[in-house]
Amino acid sequence: MHSDAFDLKALIRPVVDFPKPGVIFRDITPLFQSPRGLRFVADQFIERYVEAEFSHIGAMDARGFLIGSIIAHQLNKPLILFRKQGKLPADVLSEGYQTEYGEAFLEVHADSLCEGDSVLIFDDLIATGGTLLAAANLVRRTGAQVFEAAAIIDLPELEGSRRLQAAGVPTFCLTEFSLSEY
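In this text, residue positions in the sequence shown follow full-length UniProt numbering: the first is 1, and each later residue adds one.
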């Protein structure tokens, strides 16, 4: 975790019992409404990756698009979109995965990556790791490799980062929350 005097956690709103009872949803809307907060997040990721060797940035539907597109623009990298099932118009590769809420499918355009490409994948949060693991599997199915999975928030008690690392996917998050932390 990166440490700085800026209080990133203060800009992440806890929403109790959303989307179901017992869950504390981590809402990044206030972070994106704060120019200083968004600049802080972007700068932390840019500083980490500006000299790193990877060819593409992948972004998860939908909140991962927000930060992934900013970093792709700033680092002058192509942006690959990983979408929920049925949202991409051309030939796709599809991967099923389990979320903390049930089963879902992630898709990517079949021609978006090729052998030799290296992808930094972004999402807003790592919970169970299902979405990012599905993205990593899709990346590998194209013949490309995953450079790292990055997110603003980690929920370590749900063990997503551990699952990603066990699958050979390094992870990096700017902050973390315990499941009961407000």
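By construction, the Cβ of each residue, glycine as well, lies at the ideal position given by its N, Cα and C atoms.
Let me know if residue i comes out buried or exposed under the rule of 16 or more other beta-carbons within 10 Å of its beta-carbon.
i           : result
residue 46  : exposed
residue 73  : exposed
residue 188 : The structure shown does not extend to residue 188, since the chain spans only 1 to 182, so no value can be given for it.
residue 1   : With a pLDDT of 47 at residue 1, under the threshold of 50, the modelled position of that residue is not reliable, and the figure given next carries that caveat. Counting Cβ neighbours within 10 Å, residue 1 comes out exposed, since fewer than 16 surround it.
residue 54  : buried
residue 123 : buried
residue 160 : buried
residue 169 : buried
residue 40  : buried
residue 16  : exposed
residue 10  : exposed
residue 102 : exposed
residue 50  : exposed
residue 181 : exposed
On the DSSP bridge assignment, give the partners of residue i in chain order.
i           : result
residue 26  : 14
residue 6   : Note: residue 6 sits in no beta bridge, so no partner.
residue 172 : 150
Is it the case that the Cβ atoms of residue i and residue j are separated by a distance below 8 Å?
i           : j           : result
residue 120 : residue 95  : no
residue 56  : residue 77  : yes
residue 172 : residue 138 : no
residue 52  : residue 71  : no
residue 68  : residue 79  : yes
residue 269 : residue 136 : Past the edges of the chain, shown from 1 to 182, lies residue 269, and the structure says nothing about it.
residue 32  : residue 66  : yes
residue 126 : residue 28  : no
residue 30  : residue 13  : yes
For residue i, is the beta carbon positioned less than 7 Å from some heavy atom of the ligand ZN?
i           : result
residue 126 : By its list of ligands, the structure shown contains no ligand whatsoever, and the ligand ZN lies outside what it can speak to.
Going residue by residue through the UniProt domain "Phosphoribosyltransferase" (45-159), where are the continuous alpha helix (DSSP H) segments of at least 4 residues, counting only ones entirely within it? You should have 63-75 and 130-141.
Is the number of C-beta pairs between the region 79-86 and the region 145-160 that are closer than 8 Å three or more? Below 8 Å, too few C-beta pairs join the region 79-86 and the region 145-160 to call them touching: fewer than three.
The region 22-31 contacting the region 163-182, beta-carbon criterion three pairs below 8 Å: Note that the region 22-31 touches the region 163-182; at least 3 beta-carbon pairs, one per stretch, sit closer than 8 Å.
Take every Cβ of the region 56-65, pair it with every Cβ of the region 115-132, and state whether three or more of those distances are shorter than 8 Å. These segments touch.
Would you check if the region 139-147 and the region 106-126 touch, i.e. whether three or more CB-CB distances between them fall below 8 Å? Touching, per the Cβ criterion.
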